[in-house]
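Chains as they are written, first to last, in our numbering: chain A, 841 to 954; chain B, 1290 to 1404. First the structure, in the form of structure tokens, and then the observations on it.
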Amino acid sequence: DGGITQSPKYLFRKEGQNVTLSCEQNLNHDAMYWYRQDPGQGLRLIYYSQIVNDFQKGDIAEGYSVSREKKESFPLTVTSAQKNPTAFYLCASSIQWVINSPLHFGNGTRLTVT
Amino acid sequence: GQQLNQSPQSMFIQEGEDVSMNCTSSSIFNTWLWYKQDPGEGPVLLIALYKAGELTSNGRLTAQFGITRKDSFLNISASIPSDVGIYFCAAAANAGGTSYGKLTFGQGTILTVHP
């Protein structure tokens, strides 16, 4: 079955450590995205990639970094510069970077930093 | 920036009741989407709307793209326990004739259904 796989489901880190969240898709989608979800808030866009080897900052990119070396992979690194890293992180993909190409989401990674 | 105001924030209903929630904005959008999120999972697309005035159904779900392009609503008829979850509206806009994949999300409506 095609889909988006995020791993791990739960991640615990000490403050000051960088951590990388994995996102893999086998849908052959060009565009991929990272969103952050906090309780009582809508999803906020961290980074997006329209096509392989390209990525752009979203609305809350500070303290995060990404790479898109392969079409199927879009890992997100949460750096020590991110002031409030504890959150639920969602990866998504869409066929293309166009308005009528809805997002398909993975099942998320819950990151807890203490 | 663009914002979506989704209401109500939460709903507690009895099984069998109908549900209505809506999203409004001061900005114009060209696509409206409705997603449902189960606890600990990613959102799943329920309905996509691409034309102002469009009314679309998916089983017991019905959604409409407002004629002003600034709002949308989602109705669920005859609710069942598995309807429990968080419902998000999302919208996208064109800018200068260029399509963008960026979505703006509402804050979500938490639905609880009592058997």
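Where is the CB? At the ideal position from N, CA and C, for every residue including glycine.
- Task: On the DSSP bridge assignment, give the partners of B/Ile1254 in chain order.
- Result: Nothing can be reported for residue 1254 of chain B: it is not among the residues displayed for chain B, which extend from 1290 to 1404.
- Item | Under 9 Å (Cβ pairs) to chain B, residues found in the region 936 to 947 of chain A | Gln936, Trp937, Val938, Ile939, Asn940, Ser941, Pro942, Leu943, His944, Phe945, Gly946, Asn947
- Task: Enumerate in chain order the residues of its own chain whose CB-to-CB distance from A/Arg950 is below 6 Å, with the five nearest sequence positions on each side excluded.
- Result: Counting from 1 along the first sequence, the entry for residue 950 of chain A is found at position 110. Closer than 6 Å at Cβ, skipping near neighbours: Tyr850, Phe928.
- Inter-residue Cα distance where the pair is A/Val953 and A/Leu916: For this step, residue 953 of chain A is matched to residue 113 along the first sequence. For this step, residue 916 of chain A is matched to residue 76 along the first sequence. Roughly 15 Å between the two C-alpha positions.
- Boundaries of the beta strand (DSSP E) in which A/Arg950 is found, first to last residue: Residue numbering aside, residue 950 of chain A sits at position 110 when the first sequence is read from its first letter. From DSSP, the beta strand (DSSP E) with A/Arg950 extends over 949 to 953.
- Step through the CB atoms of chain A and report whether any lies within less than 8 Å of the CB of B/Ala1305. Counted from its first residue, the second sequence places residue 1305 of chain B at position 16. A small correction: the amino acid at residue 1305 of chain B is Gly; Ala does not occupy that position in the sequence shown. Cβ-Cβ to chain A under 8 Å: no for B/Gly1305.
- Task: Quick one: which residues of the region 1329 to 1343 of chain B get their C-beta closer than 8 Å to a C-beta of chain A? List them in chain order.
- Result: Gly1329, Glu1330, Gly1331, Pro1332, Val1333, Leu1334, Ala1337, Tyr1339
- Query: Taking Cβ positions, are A/Ile886 and A/Ala901 nearer each other than 8 Å?
  - Reply: Numbered from its first residue, the first sequence carries residue 886 of chain A at position 46. Numbered from its first residue, the first sequence carries residue 901 of chain A at position 61. In this structure, A/Ala901 lies closer than 8 Å to A/Ile886 by Cβ.
- Task: Leaving out five residues on either side along the sequence, give the residues of the same chain with a beta carbon under 6 Å from the beta carbon of A/Phe895.
- Result: Counted from its first residue, the first sequence places residue 895 of chain A at position 55. Counting only Cβ-Cβ distances below 6 Å, and skipping sequence neighbours, we find Tyr887, Ser889, Val906, Arg908.
- Can you round the beta-carbon distance between A/Gln846 and A/Ser862 to whole angstroms, since I take them to be within the 8 Å contact cut? Taking the first sequence and counting its residues from 1, one reaches residue 846 of chain A at position 6. Taking the first sequence and counting its residues from 1, one reaches residue 862 of chain A at position 22. Indeed they touch by this definition, with Cβ atoms about 7 Å apart.
- Task: For A/Asp870, count neighbouring Cβ atoms within 10 angstroms of its own Cβ and tell me buried if that reaches 16, exposed if not.
- Result: Your numbering for residue 870 of chain A matches position 30 in the first sequence. Classification for A/Asp870: buried.
- Applying a beta-carbon distance threshold of less than 9 Å, which residues of chain B neighbour A/Gln881? Looking up residue 881 of chain A in the first sequence gives position 41. Within chain B, the residues near A/Gln881 are Phe1394, Gln1396, Gly1397.
- Query: So what does DSSP say about A/Ser907, is it helix, strand or coil?
  - Reply: Taking the first residue of the first sequence as 1, we reach residue 907 of chain A at position 67. In this structure, A/Ser907 counts as coil in the three-state DSSP scheme.
- Query: Looking at C-alpha atoms only, which residue of A/Thr926, A/Ser941, A/Phe945, A/Lys923 is the closest neighbour of A/Phe914?
  - Reply: What you label residue 914 of chain A is simply residue 74 of the first sequence in a count that begins at 1. Closest option to A/Phe914, Cα to Cα, is A/Phe945.
- Query: Using the beta-carbon of each residue, which ones in chain B are nearer than 8 Å to A/Leu885?
  - Reply: Here residue 885 of chain A corresponds to residue number 45 of the first sequence, with the count starting at 1. Ordered by position in chain B, the residues that pass the 8 Å Cβ test against A/Leu885 are Lys1391, Leu1392.
- What residues in its chain sit with their C-beta under 6 Å from that of B/Gln1292, if we drop five residues either side in the sequence? Translated into positions along the second sequence, residue 1292 of chain B becomes position 3. Answer for B/Gln1292: no residue qualifies.
- How would you label B/Ile1429, buried or exposed, when you count the other beta carbons within 10 angstroms and need 16 or more for buried? As shown, chain B starts at 1290 and ends at 1404. That puts residue 1429 of chain B outside it, with no answer to give.
- Selected residue, minimal CA-CA separation from B/Glu1306, among B/Lys1391, B/Gly1395, B/Ser1368: Position 17 of the second sequence, counting from 1, holds the residue named residue 1306 of chain B. Nearest C-alpha to B/Glu1306: B/Ser1368.
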